[in-house]
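Novice:
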Amino acid sequence: MVSEFLAAMVSPHTETINSYPQQIRSTYRCGGHINNATGVIKYPDWMWFYYGRNKSCEWVISVDDNNNKFIEMNFTRFNLSSESSSETGSLSCLSADSKLTLRDGASSNSPLIGIYCGQDGSNKAVPTSPIHFSSGNAYILFQSSNDILINSGFTIQWSMVEKMCGGRLYGNEGSISLYEYEPNIKCQWHVNADPQMHIEITVDPIQLGSGVNRNCSLNSLEIFDGLQIDQDIRIMHLCSSETYPILARTTLPNFSVYFTSAFHTSFDDHNQLDKDCGGMISTDANGIFSGIIQSPNYGFNYFPSLDCLWLLDASFSHNFKDGGDASKPILGKYCNDRRPAAAIVSTGPKMVIQFHSDDSVSGKACEKHFTSRNGTIQSPNYPSGTSIPLKCTYVIIAERTKAIRVKFNYIGLNFTIRSCFYEIGNQDKSQDYVEFVGGHDSHSHVNKRYRCQRYPFVAPEGEIVTSAYRPLRIIYSSSSIENKGILFYYEQMDVGCGGVFEGESGKITSPNFPDNYLSHMYYFHKLYTCCYGTGEGDAALSGNTTDLVHGLNNRLRTMPRFPQYIEYMMKLTVTEVSFQLKRILLNFDVFELEVVPNREDCAYDGIEIYDSYKNDHEFGHFYGRFCGALQPPSVLSNGNQLTLVFKSDRSVSGQGFSANWKAVNIKNECDRSYTAVSGKIQIKVDKEHKSTDCNYHIALPTMKRILLKIENFSLPCEEGTLMIRNGVNEQSPAFSGLFRDSEICDEHPVEELRSQGNRLFLRLKTLNTNNYYFNIIYEQVDSNCGGLLNGISGALSAPQYPLKDSRTLNCDWHIAVAYGNRIVFTITSIDDLNSADHDGFCSSFAPNYIDIADGPIAKSLILRRYCKKEVSPPSVNSETNEMTIRYRQHGGSHFGSLFGFIAHYKTVCYNIHLSGYHGMIQSPGYLQRVYENRFCKWTIHATQGNRIRLTFHLFRISEKKSPFTPLCLSNYLELEMNSVENVTAVIDGKPISNTTERKFCDEIGVPLTVLSKNNLLQITFASNNPENHFWLSWSIVVVKWNATLAGCGGILLSETDIEIRIADLIATSTAYECIWTITSPLEKSVQFTIDEFAIFNGSADCPSDHDEQFNGIAFYSGLSNKSGIAQQIICTSVSSTMSYMSNSNELFVKLLVQQYLIKHDSNNRFFRAKVRFITRKAGEECGSMINVQIGQTLTIHSPNYPNPYSKSIACIWHINTAITHILQFNLTHYTTLGHHPRKLQQYTWRPKNSAYNYQNNITCQNPVTFIEGSISFYDGNSTTSELLERLCHTITEPQIITTTSNQAIVLFQGAPYERAYLSGDDETVHVIGFMLSISLRCGGSLIASTRMKTFQLHTFADDDECKIAIRADGK
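Each residue of the sequence shown is one higher than the one before, counting from 1 in the UniProt record's numbering.
#1: Please name the residue in A942, G820, N933 whose C-alpha comes closest to that of N1028.
#2: Do K484 and Y382 have their C-beta atoms closer together than 9 Å?
#3: Taking DSSP as the reference, what is the three-state secondary structure of H1236?
#4: What does the Cβ neighbour count give for I566, buried or exposed, with the cut at 16 atoms within 10 Å?
#5: Find the nearest neighbour of residue 1423 within the set G499, F224, S843, Q1261, judged by alpha-carbon distance.
#6: Okay, do the stretch 100-118 and the stretch 136-143 touch, 3+ Cβ pairs below 8 Å being the bar?
#7: Would you kindly report the start and end of the unbroken beta strand (DSSP E) that includes E608?
#8: Among L1017, S1054, L1307, F1021, whose alpha-carbon lies nearest the alpha-carbon of I1036?
#9: To the nearest angstrom, report how far apart R1172 and I1334 are at their CA atoms.
#10: For F739, which three-state DSSP category applies?
#11: Decide if T828 is buried, meaning its Cβ has at least 16 other Cβ atoms within 10 Å, or exposed.
#12: I need the straight-line Cα distance from E1323 to L1119, nearest angstrom please.
#13: List the residues that DSSP assigns as beta-bridge partners of G679.
#14: Would you check if the stretch 820-834 and the stretch 650-667 touch, i.e. whether three or more CB-CB distances between them fall below 8 Å?
#15: Give the DSSP-derived three-state secondary structure of W685 in the structure shown.
#16: Under 8 Å, with one C-beta from each stretch per pair, do the stretch 998-1010 and the stretch 1052-1059 reach the 3-pair mark?
#17: Using C-beta distances below 8 Å, list every residue in its chain close to Q1224, excluding the 5 sequence neighbours before and after it, in chain order.
#18: Return the Cβ separation of V824 and S875 in integer angstroms, given the expectation that the two are a contact with Cβ distance under 8 Å.
#19: Looking only at C-alpha atoms, which of N598, V595, F588, A629 sits nearest to I609?
#20: Answer yes or no: do R929 and G737 have a C-beta to C-beta separation smaller than 9 Å?
#21: Could you check if P253 is buried or exposed, using at least 16 other CB atoms within 10 Å of its CB as the buried criterion?
#22: Secondary structure at F825, three-state DSSP: helix, strand or coil?
#23: On the CB-based measure, 16 or more other CB atoms within 10 Å of its CB, does residue 1387 come out buried or exposed?
#24: How many Å lie between D1192 and G1339 at the Cα?
#25: Should V465 be labelled buried (16 or more other beta-carbon atoms within 10 Å of its own) or exposed?
#26: What is the rounded straight-line gap between the Cα of A1311 and the Cα of P1204?
#27: Could you please give me the residues that DSSP links to I486 through a beta bridge?
#28: Just the C-alpha distance for L636 and D782, rounded to the nearest angstrom, thanks.
#29: If I'm right that I1075 touches K1150 with Cβ under 8 Å, what's the distance once you round it to whole angstroms?
#30: With distances taken Cα to Cα, identify the nearest neighbour of V191 among K526, L390, F133.
#31: Smallest Cα separation from E882: which of E870, A816, Y910?
#32: What first and last residue would you give for the beta strand (DSSP E) that runs through G786?
#33: For L708 versus I724, is the C-beta distance shorter than 9 Å?
#34: Give the C-beta separation of N74 and P130 to the nearest angstrom, bearing in mind that I take them to be a contact with Cβ-Cβ under 8 Å.
#35: Between the alpha carbons of L1284 and P1202, how many angstroms are there, rounded?
#36: In the DSSP assignment, find the beta strand (DSSP E) that holds L950 and state where it starts and stops.
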């Protein structure tokens, strides 16, 4: 720290201001009073042609200005050099031989403007710019003590000018502002506060003519520390608009402002110092003159960059014309190395003391500004600490295009774990902290106060990086010696970002591109272009007029507030060429910014595009906010400017972006992008347009779908079309059902389309520029990506295909082709989803995967799952007319960007076999124009003994008539001749009830109903006409008394009674088959009670119902018999009531009997039953009570067998039989949810330490159950009974478990995870779950009591050994 004390003595003159001292009077007098509004002062002139010694000249200019004008003074000549000059640089002109003093007023006590000396051009001479006074009064004092060179002297010109700006202000607070200024204006303000004050200046957000473009030659605002306009004491220089307030402080009680632009600034007295800095000290009321003067903050460190002036005045009168400043002779100059040796005595009653400190950091409330490229920030108490309270501010100032990195080498804040993490409420009261302010307001880790070390504020490896959009302020506060200070290193980095770009084309990139961008960046890219010619002068633009355009552009740029006033030039006409502003087209070629999973608001890193932008609250048209890896659409500006704002946070960074821009003529460029959630697209092509190929992009801000409404249009197909693609560009999937390559035109209109994702691409192609138009409205649909696809064929892809994106995606596509048809789904290309384990399996936690499921929902049977790169994956065939495709993309920068996949599907209608109780068939592509030939064949299988009835709801199959070809040659619907009993049709406009026609088209007739002869019916359809379609429904029926009634079997959703009569079935059928699918409410089970079932030659040993010899009734769990395992089979007559209770709310019942075995009663009945719904008890949601009869074998299996069961499912079966028998379980199949033949075999785990009470005779111990699931067998009527066996892993051979009593519990606990799928594997070949058969063996345990009991053994197998143990009660 360097400090100086300077004392100057003031001589005691006694003359008044209007008298001249005797010693300077001579023959050649100088000075005087002047009242002219303009004039010239020359020294020397013809009256005083040389200086002479001890000259002192005073001029007073006083002009009555009514406070509307002020004096403007210019020096045309200035040279006050002398041969004996001994100017002291540190004391400026105070001790110069010759000097000129200017004061703002009419007396020598008026405020000082400046003291000047030396040669013109030196840093001590008068400024080259005009000097402004605050009024029409000016005081000029020339002093010379030695001979001056002959060529020396000065010339002053002054005039009175209107008060438009500038002046001198006095006081401790106030404001300065200027609006609606004229070009080329220059203003000065000089502000004076009380001597003991320092001034804090706040420059509010300002708008300069050059905007954010720094252009000091066009506009400049400068603030100087003192009353002189001097570059050496400049403390602020602004040449562009600012959106944040900027703070500056003076070291003296005055400052000056020099500017050429509209701005607003204010100043206040500095916060009150602990000890005053400067002031006037005089005698008290009693005339006593004594006291103490001390440096500011004495007792602690003083402040940096101070100049304090104390005026000691012990005189009895204040009528002195001179004195009161530091221009008098020096009595002494002191610092640490030169201390005062004795008392300092002045020669008069006045003395001035000046204290000066440099800009080294020290003391409480210290502040230092750093502008060098790198440096060290060290607090005054580093590293030892101090008990003196400290609060220091460090400001790092860099150009806006740079970044600032601060590395935390040492953090000496005193904190404890408790105060940092638990006593959060007390942290606001703490005076020990480090606070950062800088970058953008959203940068939470920069604009934050840290009271303890927390990431990223950690030492020695922690650091923060932020943009230099505004200076980075670091405030360090310490209240005790326990704080040991801070030591930070900083550096400014040129990351090449932001700026103003003008011209015809260019390239802009993110900071640090092509390397990853930095954290906490906030930059603008402002793009400007000019204009183009129209009208008759167009041709000249390629010649000399091009120079004219460039000249006009340059002229516009030199105007104040360019480009704000550029619109005034739009109608400028030069040499018959009118100019209009060009627009800017922005295209991205690289785009990779951070994106966070499940977030679509780009709240972390992103770019924002505007027409114009000042700050987050003031901006022009907003084009959109973009992040992730998906390239934004091209952007065409509305005017001649475009602004791109880039922001990044502290976390993950990517490569950034690179974009090209160019100026375009609106007549030649028709690409458009729409990013609002809704809007209107008006496409109008006329002769003025020179482009016949236009692209239109719709990009919603979130992953929602788009509803496109084409209101009206005019474009003949032979002249052009509008192509619409479901995605980002022309490689995205087409819309199925549209003309040709997903196109629309006059002959092929469409009213509405729904996108699969948040992007649509439209391309208009025309052969000429006639008057064509489209009016299109689009709006956001509140649903995720995916959607319904129902054309005869189509394509789908991840929304970003073929580009890459890293956002979270949850897309579900429901493919539903016409009823009665099937789907073939093929993935054309699939990205490396990178989510399989080392064995190729897709776990339930796979971040990226594609599921192909059979059915209308994603939870249907999964046919295949893909989670890694696959080459030419095989096609997948559906079992119904519906299929669901699910695509999950985790998103986030950590998992990288993906293009996802692209796939297509098509309808299959040949060799389709249909069965069931009823159904529908529609022509492929039903009700859509189908531009491909169709040839289809369906075979309907009804249950035996029933017939099939067809009912046509629509029939439109036409064929062009030709005299040379038979009717219905290429377009027809044909019924197999031998399978039809009766056809009702409309022929020649008349209904015919029993026609012999079996081949139909519109030219022959329209079928109404068809009745089959038996349980098979074949239908063939052929067409080459896009408009041909039909729709029919079919059902199983029986014919009774010439009436067609519902057939045997059915779909039951309510309780009912069933009765089957032999007379209702087809008499010629060799067998009769009935199928019921029954569904009860979820909380109930299905009770199927047989009251009568009469057949001959029944056998208790039932074969499988798939066996040709099967005759009986089979019960299946679920709604089909696909499992192949019946829960129970009855193959004998039932004369008394017999019931079966389902395990769930679904039951499938199949009855099959050969005709010759039926034994009907007098009413032709052979089967009677009732269906009732029974409420289940708690805990019986899966499982049931089973009573096994002697000689009976039952089978149970896991839910949904052979397909995977639901995870974590729990089922319990209570099984009972007669007391003379025990239960034997045969577990023929048990496959866990996670099993796959390609997986390594899991070995049975058995404990070696019996301290845990594990049962060593049990295959699987209890803890594994919670990981893999299990099936357990208990010997008794509860789970507290003895555990016989537990299995957790897939078995390779049947397992036999036998009880010791007539009761058992079977407990099945499903694995707590989803099934792991082998990527690309065919899931339909795998059997998951268990199958368990239950049979009886003779034996058991009986309890004897005081009462006699009887048991009987009727029959048992010859090889069966029957052991019955009888124990006394209680034994």
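Cβ atoms here follow ideal geometry from the backbone N, Cα and C, with glycine treated the same way. Note that the coordinates shown come from a computational prediction; the quantities given were computed from them, not determined experimentally.
Specialist: In this structure, then:
#1: As a working mapping, residue 1028 is identified with position 1028 in the sequence shown. Measuring C-alpha to C-alpha distances from N1028 to each of A942, G820, N933 identifies N933 as the nearest.
#2: The residue you call residue 484 lines up with position 484 of the sequence shown. The residue you call residue 382 lines up with position 382 of the sequence shown. Yes; because the gap between Cβ atoms is below 9 Å, this pair is in contact.
#3: Here residue 1236 refers to the residue found at position 1236 when the sequence shown is read from its first residue. H1236: coil per DSSP, three-state reduction.
#4: Counted from its first residue, the sequence shown places residue 566 at position 566. Bear in mind that the predicted position of I566 carries a pLDDT of just 32, short of 50, making it unreliable; the figure below should be weighed with that in mind. So I566 counts as buried.
#5: With the chain covering only 1 through 1371, there is no way to say anything about residue 1423.
#6: With three or more CB-CB distances shorter than 8 Å, the stretch 100-118 counts as touching the stretch 136-143.
#7: The residue labelled residue 608 in the question sits at position 608 within the sequence shown. Boundaries of the beta strand (DSSP E) around E608: 606-610.
#8: The residue you call residue 1036 lines up with position 1036 of the sequence shown. It is L1017 whose Cα lies nearest to the Cα of I1036.
#9: Taking the sequence shown and counting its residues from 1, one reaches residue 1172 at position 1172. Taking the sequence shown and counting its residues from 1, one reaches residue 1334 at position 1334. Approximately 26 Å between the Cα atoms of the pair.
#10: Translated into positions along the sequence shown, residue 739 becomes position 739. In the three-state DSSP reduction, F739 falls in the strand class (E or B).
#11: Residue 828 sits at position 828 when you count from the first residue of the sequence shown. Residue environment analysis places T828 among the exposed positions, since fewer than 16 neighbouring C-beta atoms fall within 10 angstroms of its C-beta.
#12: In the sequence shown, the residue the question calls residue 1323 occupies position 1323. In the sequence shown, the residue the question calls residue 1119 occupies position 1119. Approximately 20 Å between the Cα atoms of the pair.
#13: As a first step, residue 679 is located in the sequence shown; it is residue number 679 there, counting from the start. Partner(s): Y778.
#14: Fewer than three Cβ pairs drawn from the stretch 650-667 and the stretch 820-834 lie within less than 8 Å of each other, which leaves the two stretches out of contact.
#15: For the purposes of this step, residue 685 is taken as residue 685 along the sequence shown, with counting starting at 1. Checking the sequence, you will find Val at residue 685 rather than Trp. Reduced to three states, the DSSP call for V685 is strand.
#16: Two segments are said to touch when three or more pairs of C-beta atoms, one from each, lie closer than 8 Å; by this definition the stretch 998-1010 does not touch the stretch 1052-1059.
#17: By 1-based counting over the sequence shown, the position of residue 1224 is 1224. I1296, I1297, T1298, T1299, I1334, S1335, L1336, R1337, listed in sequence order.
#18: For this step, residue 824 is matched to residue 824 along the sequence shown. For this step, residue 875 is matched to residue 875 along the sequence shown. At roughly 5 Å, the Cβ-Cβ gap stays under 8 Å, so V824 and S875 are in contact.
#19: Translated into the one-based positions of the sequence shown, residue 609 becomes position 609. Relative to I609, the option among N598, V595, F588, A629 whose CA is nearest is F588.
#20: Counting from 1 along the sequence shown, the entry for residue 929 is found at position 929. Counting from 1 along the sequence shown, the entry for residue 737 is found at position 737. In contact: R929 and G737 (Cβ atoms closer than 9 Å).
#21: As a position in the sequence shown, residue 253 is number 253, starting the count at 1. P253 sits buried, since 16 or more C-beta atoms from the chains shown fall within 10 Å of its C-beta.
#22: The count along the sequence shown starts at 1 and reaches residue 825 at position 825. When secondary structure is reduced to three states using DSSP, F825 falls in the strand class.
#23: No answer is possible for residue 1387: it lies beyond the span of the chain, which begins at 1 and ends at 1371.
#24: For the purposes of this step, residue 1192 is taken as residue 1192 along the sequence shown, with counting starting at 1. For the purposes of this step, residue 1339 is taken as residue 1339 along the sequence shown, with counting starting at 1. The identity of residue 1192 in the sequence shown is Gln, whereas the question assumes Asp. CA-CA distance, Q1192 to G1339, rounds to 16 Å.
#25: By 1-based counting over the sequence shown, the position of residue 465 is 465. So V465 counts as buried.
#26: The residue given as residue 1311 occupies position 1311 in the sequence shown. The residue given as residue 1204 occupies position 1204 in the sequence shown. Roughly 11 Å between the two C-alpha positions.
#27: By 1-based counting over the sequence shown, the position of residue 486 is 486. Answer is I411, bridged to I486.
#28: Along the sequence shown, one-based indexing puts residue 636 at 636. Along the sequence shown, one-based indexing puts residue 782 at 782. One alpha carbon belongs to L636, the other to D782, and they sit about 27 Å apart.
#29: Position 1075 of the sequence shown, counted from the start, is the residue given in the question as residue 1075. Position 1150 of the sequence shown, counted from the start, is the residue given in the question as residue 1150. With 8 Å as the limit, I1075 and K1150 qualify as a contact, their Cβ atoms being about 5 Å apart.
#30: As a first step, residue 191 is located in the sequence shown; it is residue number 191 there, counting from the start. Checked all of K526, L390, F133; the closest Cα to V191 is F133.
#31: Here residue 882 is taken as the residue at index 882 of the sequence shown, counted from 1. Minimum Cα distance to E882 is reached at A816.
#32: Position 786 of the sequence shown, counted from the start, is the residue given in the question as residue 786. Where G786 is concerned, the enclosing beta strand (DSSP E) starts and stops at 786-789.
#33: Locating residue 708 in the sequence shown gives position 708, counting from the first residue. Locating residue 724 in the sequence shown gives position 724, counting from the first residue. Yes.
#34: For the purposes of this step, residue 74 is taken as the residue at position 74 of the sequence shown. For the purposes of this step, residue 130 is taken as the residue at position 130 of the sequence shown. Yes, N74 and P130 are in contact; Cβ-Cβ is about 5 Å, under 8 Å.
#35: Taking the first residue of the sequence shown as 1, we reach residue 1284 at position 1284. Taking the first residue of the sequence shown as 1, we reach residue 1202 at position 1202. Cα to Cα, L1284 sits roughly 26 Å from P1202.
#36: To locate residue 950, count along the sequence shown from 1; it is residue 950. Residues 947-956.
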